[in-house]
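Student: For the sequence shown, full-length UniProt numbering begins at 1 and goes up steadily by one. C-beta atoms are modelled at their ideal positions from N, C-alpha and C, and glycine is treated no differently. Just so you know, these numbers come straight off a predicted model, no measurement behind them.
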Amino acid sequence: MDVREAIKKQTDVAMILFGHVLSSTPKDSNVIFSPASINSAITMLAAGPGGDLVAGKILSFLRSSSIDELKAIFRELSSVVYADSSASGGPKIKAVNGLWIEKSLPTDPKFKDLFENFFKAVYVPVDFRSKVNFHFNLAFFRKKKRKSRVWQNITKLGFGRNI
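#1: Going along the chain, which residues of its own chain have a beta-carbon closer than 8 Å to the beta-carbon of K71, five neighbours each way excluded?
#2: With P49 as the anchor, note down where its beta strand (DSSP E) starts and where it stops.
#3: Could you name the residues of the same chain whose beta carbon sits closer than 6 Å to that of E69, not counting the 5 residues immediately before and after it, in chain order?
#4: Can P26 and T107 be called in contact, C-beta distance under 8 Å?
#5: For I32 and L53, I'd like the C-alpha separation in whole angstroms.
#6: Can you look up I101 in the DSSP assignment and give me helix, strand or coil?
#7: Which residues mark the beginning and the end of the alpha helix (DSSP H) in which residue 172 is found?
#8: Per DSSP, V31 is paired with what?
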(Lines of atoms letter the chains of each structure in order from A and count residues from 1; the text may use other names and numbers.)
(Lines give C-alpha, C1' and ligand atoms only; values in the text may rest on other atoms or scores of the structure.)
Protein backbone atom coordinates (compact mmCIF):
# COMPACT_ATOMS: atom_id res chain seq x y z
CA MET A 1 0.00 0.00 0.00
CA ASP A 2 1.29 3.45 -0.95
CA VAL A 3 0.29 5.70 1.96
CA ARG A 4 1.01 8.89 -0.01
CA GLU A 5 -1.33 7.80 -2.81
CA ALA A 6 -3.98 6.86 -0.23
CA ILE A 7 -3.62 10.29 1.41
CA LYS A 8 -4.04 11.93 -2.00
CA LYS A 9 -7.33 10.05 -2.48
CA GLN A 10 -8.47 11.15 0.98
CA THR A 11 -7.57 14.75 0.13
CA ASP A 12 -9.62 14.53 -3.07
CA VAL A 13 -12.62 13.27 -1.09
CA ALA A 14 -12.11 16.05 1.50
CA MET A 15 -12.15 18.66 -1.27
CA ILE A 16 -15.41 17.22 -2.63
CA LEU A 17 -16.93 17.40 0.86
CA PHE A 18 -15.60 20.93 1.33
CA GLY A 19 -17.25 21.94 -1.95
CA HIS A 20 -20.60 20.66 -0.66
CA VAL A 21 -20.16 22.45 2.68
CA LEU A 22 -19.12 25.69 1.00
CA SER A 23 -21.97 25.60 -1.52
CA SER A 24 -24.54 25.26 1.27
CA THR A 25 -23.04 27.99 3.49
CA PRO A 26 -24.40 31.55 3.32
CA LYS A 27 -22.02 33.91 1.51
CA ASP A 28 -21.54 36.24 4.50
CA SER A 29 -20.55 33.53 6.99
CA ASN A 30 -17.33 31.90 8.11
CA VAL A 31 -16.50 28.26 7.49
CA ILE A 32 -14.06 26.09 9.39
CA PHE A 33 -13.39 22.75 7.74
CA SER A 34 -10.83 20.29 9.06
CA PRO A 35 -10.10 17.39 6.70
CA ALA A 36 -7.93 15.79 9.41
CA SER A 37 -10.79 15.83 11.93
CA ILE A 38 -13.23 14.49 9.38
CA ASN A 39 -10.75 11.75 8.46
CA SER A 40 -10.46 10.84 12.15
CA ALA A 41 -14.22 10.62 12.61
CA ILE A 42 -14.86 8.63 9.44
CA THR A 43 -11.98 6.24 10.15
CA MET A 44 -13.36 5.63 13.66
CA LEU A 45 -16.77 4.91 12.15
CA ALA A 46 -15.32 2.51 9.58
CA ALA A 47 -13.19 0.66 12.16
CA GLY A 48 -15.99 0.53 14.71
CA PRO A 49 -18.71 -1.97 15.51
CA GLY A 50 -20.88 -1.15 12.47
CA GLY A 51 -19.70 -4.26 10.66
CA ASP A 52 -18.68 -5.04 7.12
CA LEU A 53 -21.64 -3.28 5.47
CA VAL A 54 -20.86 0.08 7.10
CA ALA A 55 -17.11 -0.35 6.59
CA GLY A 56 -17.62 -1.31 2.94
CA LYS A 57 -19.72 1.78 2.22
CA ILE A 58 -17.19 4.03 3.93
CA LEU A 59 -14.26 2.41 2.11
CA SER A 60 -16.06 2.90 -1.20
CA PHE A 61 -16.87 6.54 -0.42
CA LEU A 62 -13.30 7.26 0.67
CA ARG A 63 -11.83 5.33 -2.28
CA SER A 64 -9.84 3.18 0.14
CA SER A 65 -8.97 -0.49 -0.16
CA SER A 66 -9.12 -1.53 3.51
CA ILE A 67 -9.53 -0.50 7.13
CA ASP A 68 -5.79 -1.02 7.50
CA GLU A 69 -5.22 1.59 4.79
CA LEU A 70 -7.48 4.05 6.65
CA LYS A 71 -5.58 3.37 9.86
CA ALA A 72 -2.25 3.94 8.09
CA ILE A 73 -3.53 7.28 6.80
CA PHE A 74 -4.76 8.21 10.29
CA ARG A 75 -1.41 7.21 11.81
CA GLU A 76 0.46 9.36 9.26
CA LEU A 77 -1.87 12.35 9.67
CA SER A 78 -1.88 12.20 13.45
CA SER A 79 1.91 12.07 13.60
CA VAL A 80 2.12 15.25 11.53
CA VAL A 81 -1.08 17.26 11.97
CA TYR A 82 -1.70 16.60 15.64
CA ALA A 83 1.96 16.70 16.65
CA ASP A 84 3.14 19.44 18.97
CA SER A 85 5.85 21.09 16.91
CA SER A 86 5.88 24.28 18.95
CA ALA A 87 9.56 23.78 19.87
CA SER A 88 10.44 24.22 16.20
CA GLY A 89 8.27 27.30 15.89
CA GLY A 90 5.39 25.50 14.22
CA PRO A 91 1.76 25.62 15.26
CA LYS A 92 0.44 23.73 18.22
CA ILE A 93 -2.79 22.07 17.18
CA LYS A 94 -5.12 20.39 19.63
CA ALA A 95 -7.95 18.14 18.60
CA VAL A 96 -10.45 16.33 20.73
CA ASN A 97 -11.60 12.96 19.48
CA GLY A 98 -14.58 11.49 21.23
CA LEU A 99 -17.11 8.78 20.71
CA TRP A 100 -20.41 8.57 22.48
CA ILE A 101 -22.29 5.32 22.11
CA GLU A 102 -25.76 4.42 23.38
CA LYS A 103 -25.07 2.50 26.58
CA SER A 104 -27.86 -0.04 25.97
CA LEU A 105 -26.16 -1.27 22.78
CA PRO A 106 -23.88 -4.29 23.09
CA THR A 107 -20.29 -3.31 22.34
CA ASP A 108 -17.28 -5.56 21.95
CA PRO A 109 -14.48 -4.47 24.35
CA LYS A 110 -11.99 -4.55 21.46
CA PHE A 111 -13.68 -1.46 20.01
CA LYS A 112 -13.31 0.43 23.29
CA ASP A 113 -9.61 -0.47 23.21
CA LEU A 114 -9.34 0.59 19.55
CA PHE A 115 -10.92 4.00 20.16
CA GLU A 116 -9.04 4.76 23.37
CA ASN A 117 -5.61 3.43 22.46
CA PHE A 118 -5.31 3.77 18.68
CA PHE A 119 -7.45 6.87 18.07
CA LYS A 120 -6.74 8.39 21.52
CA ALA A 121 -10.44 9.18 21.73
CA VAL A 122 -12.64 9.57 24.78
CA TYR A 123 -15.05 6.61 24.72
CA VAL A 124 -18.25 7.30 26.67
CA PRO A 125 -21.34 5.07 26.93
CA VAL A 126 -24.30 7.46 27.21
CA ASP A 127 -27.99 7.03 27.93
CA PHE A 128 -29.35 9.04 24.99
CA ARG A 129 -32.91 8.24 26.05
CA SER A 130 -32.55 10.32 29.23
CA LYS A 131 -32.09 14.05 28.61
CA VAL A 132 -30.71 14.59 32.11
CA ASN A 133 -28.06 11.89 31.66
CA PHE A 134 -27.17 13.16 28.19
CA HIS A 135 -26.64 16.72 29.45
CA PHE A 136 -24.62 15.44 32.43
CA ASN A 137 -22.30 13.53 30.08
CA LEU A 138 -22.00 16.55 27.81
CA ALA A 139 -21.04 18.75 30.76
CA PHE A 140 -18.49 16.15 31.92
CA PHE A 141 -16.94 16.01 28.45
CA ARG A 142 -16.72 19.81 28.28
CA LYS A 143 -15.14 20.03 31.74
CA LYS A 144 -12.58 17.35 30.88
CA LYS A 145 -11.51 19.24 27.77
CA ARG A 146 -11.47 22.78 29.25
CA LYS A 147 -7.69 22.69 29.58
CA SER A 148 -7.53 23.12 25.82
CA ARG A 149 -6.62 26.69 24.80
CA VAL A 150 -8.95 26.37 21.84
CA TRP A 151 -11.86 25.54 24.14
CA GLN A 152 -10.92 28.41 26.50
CA ASN A 153 -10.85 30.88 23.62
CA ILE A 154 -14.15 29.63 22.23
CA THR A 155 -15.86 30.02 25.60
CA LYS A 156 -14.31 33.48 26.17
CA LEU A 157 -15.94 34.60 22.94
CA GLY A 158 -19.30 33.29 24.13
CA PHE A 159 -19.45 30.30 21.83
CA GLY A 160 -19.58 26.67 22.88
CA ARG A 161 -22.21 27.11 25.58
CA ASN A 162 -24.59 24.84 23.72
CA ILE A 163 -21.96 22.31 22.67
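Tutor: Walking through what the data contain:
#1: T43, A47 and F118
#2: Counting along the chain, P49 falls outside any beta strand (DSSP E), and DSSP gives it neither H nor E.
#3: Only M1 and A6 meet the Cβ criterion.
#4: no
#5: 31 Å
#6: strand
#7: Past the boundaries of the shown model lies residue 172; the chain is included only from 1 to 163, so the question cannot be answered.
#8: In the DSSP output, where bridge partners are listed per residue, V31 has none listed.
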